[in-house]
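Trainee: Those protein sequence lines, which keep their order, are chains L and Y.
So in full-length UniProt numbering, spot 452 of the first sequence is number 452, and the numbers just go up one at a time.
So in full-length UniProt numbering, spot 44 of the second sequence is number 44, and the numbers just go up one at a time.
Don't be surprised by glycine CBs; every beta carbon is placed ideally from N, CA and C.
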Amino acid sequence: MAAGVAAWLPFARAAAIGWMPVANCPMPLAPADKNKRQDELIVLNVSGRRFQTWRTTLERYPDTLLGSTEKEFFFNEDTKEYFFDRDPEVFRCVLNFYRTGKLHYPRYECISAYDDELAFYGILPEIIGDCCYEEYKDRKRENAERLMDDNDSENNQESMPSLSFRQTMWRAFENPHTSTLALVFYYVTGFFIAVSVITNVVETVPCGTVPGSKELPCGERYSVAFFCLDTACVMIFTVEYLLRLFAAPSRYRFIRSVMSIIDVVAIMPYYIGLVMTNNEDVSGAFVTLRVFRVFRIFKFSRHSQGLRILGYTLKSCASELGFLLFSLTMAIIIFATVMFYAEKGSSASKFTSIPASFWYTIVTMTTLGYGDMVPKTIAGKIFGSICSLSGVLVIALPVPVIVSNFSRIYHQNQRADKRRAQKKARLARIRVAKTGSSNAYLHSKRNGLLNEALELTGTPEEEHMGKTTSLIESQHHHLLHCLEKTTGLSYLVDDPLLSVRTSTIKNHEFIDEQMFEQNCMESSMQNYPSTRSPSLSSHSGLTTTCCSRRSKKTTHLPNSNLPATRLRSMQELSTIHIQGSEQPSLTTSRSSLNLKADDGLRPNCKTSQITTAIISIPTPPALTPEGESRPPPASPGPNTNIPSIASNVVKVSAL
Amino acid sequence: MRGQGRKESLSESRDLDGSYDQLTGHPPGPTKKALKQRFLKLLPCCGPQALPSVSENSVEDEFELSTVCHRPEGLEQLQEQTKFTRKELQVLYRGFKNECPSGIVNEENFKQIYSQFFPQGDSSTYATFLFNAFDTNHDGSVSFEDFVAGLSVILRGTIDDRLNWAFNLYDLNKDGCITKEEMLDIMKSIYDMMGKYTYPALREEAPREHVESFFQKMDRNKDGVVTIEEFIESCQKDENIMRSMQLFDNVI
């Protein structure tokens with residue numbers, strides 16, 4: 001029941017008077033109107049903008065937020081109004097829905113913002129009025145495509161270790177950029193397609209005379225060479241087709257697809273030619289078959305996105321093309337008939353029949369004008385000129401539609417590519433912000449511990465290092481700290497260059513990764529090959545790798561200088577910390593710094609199980625969602641030794 | 001593009017074969033329409049109700065109605081004329097104006113509003129009867145005054161007033177008596193509102209039987225028609241009817 005009609009309910013009930021005298025049975029009791037409230041105005045304050053409406057207006061839709069008692073949660077006792085901290089622009093549309101019963105979608109509004117608001121107020125978007133529904137659906141579809149695009153590219157870069165060989169092969173075929181082998185295959189097939197097409201073309205070029213016979217085309221002169229080339233190309237194509245057939249997830253669907261048909265048609269003539277003998281009667285048919293070899297050029301559409309878009313455009317403009325064809329056919333028949341009868345009188349006219357006039361009409365309408373058939377009578381010339389004028393018009397009309405379709409699809413594709421390119425930079429910036437926040441926790445913890453340490457040692461300096469954090473931040477940190485205490489574990493910040501999924505990685509040690517590296521290395525030093533910077537002496541592979549790793553790491557932080565400096569400062573902080581609490585023999589050499597950093601672990605675990613610290617592994621760089629092709633880190637040791645992120649490795653820190 | 005082409009071509013063909021006057025939108029000549037009406041009157045299927053308006057005419061009518069904006073008399077006058085309080089009138093007017101911004105309801109609009117309360121059945125016939133009952137000056141439209149006057153009688157009037165109003169509703173040709181045919185039409189329209197899916201299923205003879213029982217109750221002198229006096233007298237004697245009339249006291 002529409003909203004406004006609810007106001008007519010008293011009328012409908014009154015109209016029932018017509019039933020009363022004819023009714024044979026007694027009527028049921030009317031519902032009692034309990035608290036017969038007078039209709040009152042209620043004030044809705046949305047982010048400062050006040051809207052007023054009757055209470056009954058809102059109650060027209062009792063299953064929405066404003067129509068039910070849910071709005072009581074937003075009632076502000078002091079100001080006696082309902083306060084919503086939402087967008088007032090969209091609220092205008094929402095309130096109009098209650099008033100008029102029609103929900104409109106404003107064009108300037110972002111679709112996801114609008115959807116969010118509707119969800120908040122409990123209104124289903126399906127009731128958007130017809131006037132705005134088309135626009136809404138279009139925008140929603142675009143948004144969904146964008147999301148799917150994002151998801152796809154994300155999924156592509158996620159690790160899917162459970163892909164079978166067949167699936168990897170299919171993925172390699174579909175996206176050549178996934179592995180180098182696929183890329184090589186892609187270029188090789190492209191090269192052979194080009195070779196094959198050029199061969200076909202050159203075959204027919206006249207190649208100079210052989211003494212004693214007429215001019216031969218190259219194909220017949222060097223038939224053996226061309227045959228070998230052809231064989232090679234067909235071999236490659238056959239192998240490729242069979243591989244694709246093997247890898248296809250749904251073989252039946254693959255066989256039916258356009259590209260597979262093109263593949264088959266491209267290689268069929270060769271095999272048929274092999275099978276067929278050199279009979280005179282069948283060789284004619286065989287020659288015709290060779291024409292199909294030119295279809296190999298369509299195989300290029302796998303390599304060119306523009307071609308694919310063109311094909312898709314033509315498919316989507318099928319109705320426009322059909323209309324063009326139909327109107328052209330109509331015009332051709334009309335003009336051909338007219339020209340035939342106009343030219344019938346003239347002697348030796350080329351317009352021998354109406355079908356013969358078709359040729360003239362087509363050539364004239366497309367403004368080709370070969371001149372092999374020209375009208376001679378005056379009437380013929382008049383109609384001929386009308387024909388050419390109308391031809392221009394008829395052809396020019398549907399073409400813009402096709403062009404605009406192509407342009408739209410092409411730009412959509414461009415947008416998708418642009419989004420993908422922008423995404424990397426965008427995610428890098430988001431990552432920096434995120435690690436900034438997790439580093440903030442680390443920092444504050446260090447400061448906290450530092451303060452403790454300083455209290456122990458009594459040095460008043462470095463107090464300024466304690467940054468004042470906001471209330472929310474300190475509460476958040478306290479929360480994380482409580483969690484650490486509860487579980488007896490502590491957070492580990494990831495390598496800033498690695499996964500953004502820092503928050504989802506549980507059971508981390510919230511320490512410097514370098515310390516982590518050192519721990520790992522310490523415990524697995526026997527497996528660890530020392531491959532880097534032999535210049536650094538003493539603690540062999542360990543420190544060399546650490547330092548080199550650290551240095552290498554800093555070079556890998558082009559867009560996040562923040563973490564680098566933070567890491568350094570943290571390193572120094574921890575040094576000072578160590579000085580404060582443990583007072584070991586200090587050396588300024590980096591090596592001992594690294595070693596001693598290990599002890600930094602201990603205070604974290606002091607109040608819990610001391611000896612064991614569950615360390616988890618940072619995401620191996622090869623599987624970053626960004627798909628950044630960073631070279632495998634300088635320390636492949638711990639990464640190779642330690643299994644994937646799914647399992648937690650318990651390492652006993654060597655005390 | 002094809003689909004649109006088809007629609008356009010249809011209208012073009014109407015132009016081409018001359019059955020559609022492009023200037024006024026009417027089929028050519030008024031005489032044709034009058035002939036058609038007279039012919040239709042002869043047919044038994046068309047009852048005394050108004051002929052379905054030819055579509056071209058209603059287009060023009062709608063155009064006229066939408067440019068006219070009717071304003072009701074002042075609130076004080078309406079308060080005098082009807083038995084509603086000021087606040088009640090305000091609420092009623094707000095609802096009325098919301099659905100009919102032009103200030104008057106025509107038959108199509110009326111039917112459409114009423115049908116929204118009965119989604120399952122076909123309430124258009126009964127709505128037409130109601131429209132004719134509300135449209136006291138028979139000008140084809142119900143203004144707010146008519147609307148409120150009718151409601152005032154039904155909801156705030158005495159029982160006799162209400163019975164009078166009901167009689168007026170049943171008397172389709174307003175000649176002072178209800179015949180069996182009129183009653184049959186009314187009964188059918190009421191049954192139509194129930195729709196096809198009822199339990200027990202609607203039988204063909206049910207309206208007729210209902211009419212028979214009604215006449216048996218109401219028609220005192222068995223002359224085949226029910227006059228107003230017979231009607232009121234019989235209703236006053238029927239306890240059910242009397243009780244049901246009191247249902248309307250608390251509607252607003």
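When you compare each of A248/L, Y252/L, V275/L and L289/L to P265/L by their alpha carbons, which one comes out closest?
Mentor: Reading the first sequence from its first residue, position 265 is the one you call residue 265/L. Sequence inspection shows Val at residue 265/L; the Pro mentioned does not correspond to that position. Nearest option by C-alpha distance: L289/L.
Trainee: DSSP beta-bridge partners for residue 256/Y?
Mentor: Nothing can be reported for residue 256/Y: it is not among the residues displayed for chain Y, which extend from 1 to 252.
Trainee: Classify I252/Y as buried or exposed, calling it buried when 16 or more other Cβ atoms lie within 10 Å of its own Cβ.
Mentor: Taking the second sequence and counting its residues from 1, one reaches residue 252/Y at position 252. Classification for I252/Y: buried.
Trainee: Which chain Y residues sit within Cβ distance under 8 Å of M330/L?
Mentor: Within the first sequence, numbered from 1, the residue matching residue 330/L stands at position 330. Correct list: empty, because the minimum Cβ distance to chain Y is about 13 Å.
Trainee: If the criterion is Cβ atoms closer than 8 Å, does the pair F129/Y and L172/Y meet it?
Mentor: Stepping through the second sequence from its first residue, residue 129/Y is reached at position 129. Stepping through the second sequence from its first residue, residue 172/Y is reached at position 172. Yes, these two residues count as a Cβ contact at 8 Å.
Trainee: My output table needs one value for C546/L: the three-state DSSP class, helix, strand or coil.
Mentor: Your numbering for residue 546/L matches position 546 in the first sequence. Note that C546/L scores a pLDDT of 42, beneath 50, so its modelled location is shaky; the value from the coordinates is reported in the next line. Residue state, collapsed to three classes: helix.
Trainee: Rounding to the nearest angstrom, what Cα-Cα distance links F185/L and I267/L in this structure?
Mentor: Stepping through the first sequence from its first residue, residue 185/L is reached at position 185. Stepping through the first sequence from its first residue, residue 267/L is reached at position 267. The alpha-carbon atoms of F185/L and I267/L are separated by roughly 18 Å.
Trainee: Of all Cβ atoms in chain L, is any one closer than 8 Å to the Cβ of C177/Y?
Mentor: The count along the second sequence starts at 1 and reaches residue 177/Y at position 177. For C177/Y, the answer is no, since every Cβ of chain L falls outside 8 Å of its Cβ.
Trainee: Against chain L, with Cβ distances strictly below 8 Å, would R208/Y count as a contact?
Mentor: Within the second sequence, numbered from 1, the residue matching residue 208/Y stands at position 208. Not one chain L Cβ lies under 8 Å of R208/Y.
Trainee: List the residues that DSSP assigns as beta-bridge partners of T227/Y.
Mentor: Residue numbering aside, residue 227/Y sits at position 227 when the second sequence is read from its first letter. Per DSSP, C177/Y.
Trainee: Let me confirm a value: L169/Y is counted as buried when at least 16 other C-beta atoms fall within 10 Å, else exposed. Which label applies?
Mentor: For the purposes of this step, residue 169/Y is taken as residue 169 along the second sequence, with counting starting at 1. When all chains shown are included, L169/Y counts as buried.
Trainee: Count the other CB atoms, across all protein chains shown, that sit within 10 Å of the CB of P621/L; report buried if there are 16 or more and exposed otherwise.
Mentor: Residue mapping note: residue 621/L aligns to position 621 of the first sequence, counting from 1. Annotation note: pLDDT 40 at P621/L (below 50); position unreliable, coordinate value reported separately. With 16 or more other Cβ atoms within 10 Å, it is buried.
Trainee: Would DSSP call R50/L helix, strand or coil?
Mentor: As a position in the first sequence, residue 50/L is number 50, starting the count at 1. It is a strand residue.
Trainee: With burial defined as no fewer than 16 other Cβ atoms inside 10 Å of the residue's Cβ, what is the status of D138/L: buried or exposed?
Mentor: Taking the first residue of the first sequence as 1, we reach residue 138/L at position 138. Counting Cβ neighbours within 10 Å, D138/L comes out exposed, since fewer than 16 surround it.
Trainee: Is it buried or exposed, E73/Y, if we count other Cβ atoms within 10 angstroms and call 16 or more buried?
Mentor: Taking the first residue of the second sequence as position 1, residue 73/Y is located at position 73. Exposed, because fewer than 16 other Cβ atoms sit within 10 Å of the Cβ of E73/Y.
Trainee: Quick one: list the residues of chain Y neighbouring A318/L, beta-carbon separation under 8 Å, in chain order.
Mentor: For the purposes of this step, residue 318/L is identified with residue 318 of the first sequence, where counting begins at 1. Result: empty, since nearest Cβ-Cβ is about 10 Å, beyond 8 Å.
Trainee: With distances taken from CA atoms, which of F383/L, E174/L and V399/L is nearest residue 657/L?
Mentor: With chain L covering only 1 through 655, there is no way to say anything about residue 657/L.
Trainee: If you draw a straight line from the C-alpha of K87/Y to the C-alpha of M187/Y, how long is it?
Mentor: To locate residue 87/Y, count along the second sequence from 1; it is residue 87. To locate residue 187/Y, count along the second sequence from 1; it is residue 187. Cα to Cα, the separation comes out at about 36 Å.
Trainee: Could you say if the segment 387–396 of chain L and the segment 359–379 of chain L meet the contact criterion of at least three C-beta pairs nearer than 8 Å?
Mentor: Touching, yes.
Trainee: In terms of residue numbering, what span does the alpha helix (DSSP H) encompassing L29/L cover?
Mentor: For the purposes of this step, residue 29/L is taken as the residue at position 29 of the first sequence. Note, L29/L: premise wrong, no alpha helix (DSSP H); not H, not E.
Trainee: With a 10 Å radius around its C-beta and 16 neighbouring C-beta atoms as the bar for buried, classify S438/L as buried or exposed.
Mentor: Indexing the first sequence from 1 puts residue 438/L at position 438. Buried: at least 16 other Cβ atoms inside 10 Å.
Trainee: Compare the beta carbon distance of A247/L and M169/L with 8 Å and say whether it is the shorter of the two.
Mentor: Residue 247/L sits at position 247 when you count from the first residue of the first sequence. Residue 169/L sits at position 169 when you count from the first residue of the first sequence. Result yes, Cβ atoms of A247/L and M169/L sit closer than 8 Å.
Trainee: Closest to Y341/L by C-alpha separation, out of D372/L, I309/L and K381/L, would be which residue?
Mentor: For this step, residue 341/L is matched to residue 341 along the first sequence. Residue K381/L is the option with its Cα nearest to Y341/L.
Trainee: Spell out whether any CB of chain L is found under 8 Å from the CB atom of S9/Y.
Mentor: Your numbering for residue 9/Y matches position 9 in the second sequence. Low confidence applies to S9/Y: its pLDDT is 45, below 50, so where it sits in the model is not reliable, and the reading given next is rough at best. No, because no Cβ of chain L sits closer than 8 Å to the Cβ of S9/Y.
Trainee: Are the segment 7–14 of chain L and the segment 98–113 of chain Y touching, with three or more C-beta to C-beta distances below 8 Å?
Mentor: Judged by Cβ distances under 8 Å, the segment 7–14 of chain L makes contact with the segment 98–113 of chain Y, as three or more pairs qualify.
Trainee: Does any C-beta atom of chain L lie closer than 8 Å to the C-beta of M245/Y?
Mentor: Locating residue 245/Y in the second sequence gives position 245, counting from the first residue. Chain L, which has a Cβ nearer than 8 Å to the Cβ of M245/Y, makes this yes.
Trainee: Buried or exposed, going by whether 16 or more other CB atoms sit within 10 Å of the CB of C317/L?
Mentor: Walking along the first sequence from the start, residue 317/L turns up at place 317. Buried: at least 16 other Cβ atoms inside 10 Å.
Trainee: For chain Y, check one thing: does any of its Cβ atoms lie closer than 8 Å to the Cβ of P10/L?
Mentor: Taking the first sequence and counting its residues from 1, the one referred to as residue 10/L is at position 10. Interface residue, yes.
Trainee: Quick one: is A30/L near chain Y, going by C-beta distance under 8 Å?
Mentor: Counting from one through the first sequence, the residue named residue 30/L turns up at place 30. Closer than 8 Å to some Cβ of chain Y, the Cβ of A30/L qualifies, so yes.
Trainee: Is it true that the segment 304–313 of chain L meets the segment 407–414 of chain L, where meeting means three or more beta-carbon pairs spaced less than 8 Å apart?
Mentor: Flag = yes, the segment 304–313 of chain L and the segment 407–414 of chain L touch.
Trainee: Consider the Cβ of G47/Y: report whether some Cβ of chain L lies at a distance smaller than 8 Å.
Mentor: The count along the second sequence starts at 1 and reaches residue 47/Y at position 47. In this predicted model, G47/Y has a pLDDT of only 47, less than 50, meaning its place in the structure is not dependable; the value taken from the coordinates is given anyway. By this cut-off, G47/Y is not an interface position.
Trainee: The alpha helix (DSSP H) with E88/Y in it runs from where to where?
Mentor: What you label residue 88/Y is simply residue 88 of the second sequence in a count that begins at 1. Looking at the DSSP string, the run of the alpha helix (DSSP H) that includes E88/Y is R86 to E99.
Trainee: How would you call T69/L, buried or exposed, if buried means at least 16 neighbouring beta carbons within 10 angstroms?
Mentor: Start at 1 with the first residue of the first sequence, and residue 69/L comes out as number 69. Burial call: exposed.
Trainee: By how many angstroms is the C-alpha of C482/L removed from the C-alpha of Q571/L?
Mentor: Numbered from its first residue, the first sequence carries residue 571/L at position 571. Numbered from its first residue, the first sequence carries residue 482/L at position 482. Note on Q571/L: pLDDT 43, under 50, position unreliable in the model; the coordinate value appears next. Taking the straight line joining both Cα atoms gives about 24 Å.
Trainee: In this structure, how does DSSP classify I252/Y when only helix, strand and coil are distinguished?
Mentor: As a first step, residue 252/Y must be located in the second sequence, where it is residue number 252. Three-state DSSP puts I252/Y in coil, outside helix and strand.
Trainee: Which of the three DSSP states, helix, strand or coil, is assigned to L368/L?
Mentor: Walking along the first sequence from the start, residue 368/L turns up at place 368. L368/L falls in the coil class under three-state DSSP.
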